[in-house]
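For the sequence shown, our numbering assigns the number 76 to the initial residue and increments by one for each residue that follows.
C-beta atoms are modelled at their ideal positions from N, C-alpha and C, and glycine is treated no differently.
A quick write-up on the structure given underneath.
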Amino acid sequence: MKIRLLFFCILIFSLSDCVRQDTVMEGDANSQIYAAASFLSQKCGDPIPPNFPTAIGDVQRRNLDLCSIAITKAECPFVSYPVACLLIYYDKPLGEIPWYLNFKDVFVNQKIP
């Protein structure tokens, strides 16, 4: 009986500490977006645009990475955020980008008004 109780307690403890690897916590996601925006801001010599895309809740890692990459690949002047940053509000990962799509044309050059 004690062995079953011990096993059950260990099982509960190990399962309660599980973190999904495909999501990023809200604070970490906002830090990553801010770091990318700060990088481009310093590179361009422009201030960070005011409509900062703020993560709400956990964010899909792939979508967050696409947003960060799109920000760092954007060209000067830095006046708005790439459309790829809208993906942080989508609760499923984007998936593979087809080979015939140019990432920069589709996700970087298109800006959020």
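Minimum C-alpha distance to residue i - residue among the options
i	options	result
Y156	P128, K118, M100 and Q135	P128
Q185	F114, A111, C119 and V154	V154
V183	D166, Y175, S116 and E150	E150
CB contact flag (residue i, residue j, <7 Å)
i	j	result
L162	N138	yes
Q135	P188	no
C142	A159	yes
P152	D180	no
A110	I146	no
M100	D133	yes
Under the three-state DSSP convention, the category residue i falls into
i	result
Q117	helix
V99	strand
K179	helix
K186	strand
V158	helix
Euclidean distance between Cα positions of residue i and residue j
i	j	result
I123	Y164	20 Å
K148	I78	56 Å
S116	Y175	30 Å
D97	S113	25 Å
Outcome for residue i when other beta-carbon atoms lying within 10 angstroms are tallied against a minimum of 16
i	result
N177	exposed
I172	exposed
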